[in-house]
Amino acid sequence: MSPAQGSRRSPAPARATARRDGRAVLDEADIARALTRIAHEILERNKGSRDVVLLGIPSRGVELARRIGQRIAAVEEGFDSVGALDVTMYRDDLRLRPARALGQTTIPEQGVDGKVVVLVDDVLYSGRTIRAALTALDDIGRPRAVQLAVLVDRGHRELPIRADFVGKNLPTAADERVTVLLREYDGDEAVLIAKDEGGRR
Numbered sequence: 001m002s003p004a005q006g007s008r009r010s011p012a013p014a015r016a017t018a019r020r021d022g023r024a025v026l027d028e029a030d031i032a033r034a035l036t037r038i039a040h041e042i043l044e045r046n047k048g049s050r051d052v053v054l055l056g057i058p059s060r061g062v063e064l065a066r067r068i069g070q071r072i073a074a075v076e077e078g079f080d081s082v083g084a085l086d087v088t089m090y091r092d093d094l095r096l097r098p099a100r101a102l103g104q105t106t107i108p109e110q111g112v113d114g115k116v117v118v119l120v121d122d123v124l125y126s127g128r129t130i131r132a133a134l135t136a137l138d139d140i141g142r143p144r145a146v147q148l149a150v151l152v153d154r155g156h157r158e159l160p161i162r163a164d165f166v167g168k169n170l171p172t173a174a175d176e177r178v179t180v181l182l183r184e185y186d187g188d189e190a191v192l193i194a195k196d197e198g199g200r201r
């Protein structure tokens with residue numbers, strides 16, 4: 001796996017235990033089951049993993065893609081087509097949101113041309129992050145197809161984007177916030193929902 005041109009390495013994620021603000025809707029076991037189901041659905045939809053490439057969207061989408069890749073490899077030995085796709089510079093809200101560190105884009109050695117690219121993210125909300133991911137992917141290559149896997153779909157779409165693989169459909173109010181905690185980043189493992197105190201997710 002090689003870094004794409006122009007990528008920058010992001011700092012290692014903090015491991016400090018995150019505050020569990022909000023109500024837990026998924027625990028560690030729930031997340032594990034959801035990812036296992038998504039992995040099997042990807043294999044079924046694509047009749048195996050031969051042409052599948054998983055690209056996680058930083059930050060937590062990268063870890064989720066890695067875990068899904070492990071589950072695919074447990075079924076089809078040798079699968080290692082997992083990478084990351086940073087979309088920071090492709091977002092349409094750069095002027096509206098606080099500055100954020102650039103993530104790292106890494107593309108598996110076989111590239112994406114002619115492949116089935118599965119974008120992986122933690123939460124699907126307005127659809128704008130995925131729109132940015134599609135634009136970023138267009139600068140890298142020409143996949144045969146692009147699919148989307150998310151741990152949580154919370155609704156409230158602003159663009160005509162739909163996930164192909166969903167861990168949990170979670171109806172939410174516009175003033176609620178969904179937070180995904182993963183041990184590698186947060187020292188904890190859960191999906192939380194709480195009243196939003198500013199910003200959008």
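Start counting the sequence shown at 1; every next residue gets the next number (UniProt numbering).
Built from N, CA and C at the ideal position, the CB exists for glycine as well.
| Check | Outcome |
| --- | --- |
| Apart from the five residues on each side of it in sequence, which residues of its chain come closer than 7 angstroms, Cβ to Cβ, to V87? | I57, T129, A132, A133, A136 |
| Would V191 be called buried (16 or more neighbouring beta carbons within 10 Å of its own) or exposed? | buried |
| Quick one: grab the DSSP three-state call for E176. | strand |
| Hey, would you say D21 sits closer than 9 angstroms to A194, going by beta carbons? | yes |
| Can you give me the start and stop residues for the beta strand (DSSP E) that D21 sits inside? | D21 -> no beta strand (DSSP E), and no H or E assigned at all. |
| Which of the three DSSP states is assigned to I38 in this structure? | helix |
| With the cut-off set at 9 angstroms, would you say L55 and A39 are in Cβ contact? | no |
| Which stretch, first to last residue, makes up the beta strand (DSSP E) that contains D80? | Looking at the DSSP string, D80 is not in any beta strand (DSSP E), and its letter there is neither H nor E. |
| Which residues bound the beta strand (DSSP E) around D138? | That residue, D138, is in no beta strand (DSSP E); its alpha helix (DSSP H) goes 128 to 138. |
| In the DSSP assignment, what residue or residues form a beta bridge with L119? | L55, L148 |
| Just the C-alpha distance for L181 and G69, rounded to the nearest angstrom, thanks. | 19 angstroms |
| Check G167 in the structure and name its three-state DSSP category. | strand |
| Alpha carbon to alpha carbon, how far is T36 from G141? Give it in angstroms, no decimals. | 28 angstroms |
| Are P160 and G127 close, meaning C-beta to C-beta below 9 angstroms? | yes |
| In chain order, what residues of the same chain lie with their CB nearer than 8 angstroms to the CB of V150, ignoring the 5 residues before and after it? | V120, D121, D122, V123, L124, A163, F165, V166, G167 |
| Hey, would you say G76 sits closer than 9 angstroms to L43, going by beta carbons? | The sequence given here places Glu at residue 76; Gly does not occur at that position. For E76 and L43, yes; Cβs fall inside 9 angstroms. |
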